[in-house]
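Down below is the structure, laid out as structure tokens.
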Amino acid sequence: MYKNQLQELAQRSCFNLPSYTCIREGPDHAPRFKAAVNFNGENYESPNFCNTLRQAEHSAAEVALNALAS
11 MYKNQLQELA QRSCFNLPSY TCIREGPDHA PRFKAAVNFN GENYESPNFC NTLRQAEHSA
71 AEVALNALAS
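Per the working numbering: the sequence shown = residues 11 to 80.
Below is the structure:
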């Protein structure tokens, strides 16, 4: 949901599309992920490690949207 909203904001505002980077840690049977999103030249990072890459990317997008809204 947050990733879609961030992408739609980029398209409406004629910004570059957001790009995501990921940190993976932990053993293969229980990895943890932390993501960061680059949006319009600013980096926003997920505050916590998540169980899936998708959750981490959504968390980073949520942080970006909250920062842009304030």
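C-beta atoms are modelled at their ideal positions from N, C-alpha and C, and glycine is treated no differently.
Rounded Cβ spacing between residue i and residue j (contact assumed at less than 8 Å)
i: Y12; j: E72; result: 4 Å
i: F25; j: R42; result: About 30 Å; that fails the 8 Å criterion.
i: P28; j: N48; result: 7 Å
Cβ-based burial, residue i [other Cβ within 10 Å; buried from 16]
i: E67; result: buried
i: S69; result: buried
i: A79; result: exposed
CB contact flag (residue i, residue j, <9 Å)
i: E55; j: A46; result: yes
i: N50; j: S23; result: yes
Residue i versus residue j - alpha carbon distance
i: N76; j: H39; result: 33 Å
i: L63; j: P37; result: 15 Å
i: Y30; j: Q17; result: 12 Å
i: Q21; j: K44; result: 25 Å
Next item on the list: Scan the stretch 26–55 and note each continuous beta strand (DSSP E) run of 3 residues or more that stays entirely inside, going in chain order.
Entry: 29–35, 42–49 and 52–55
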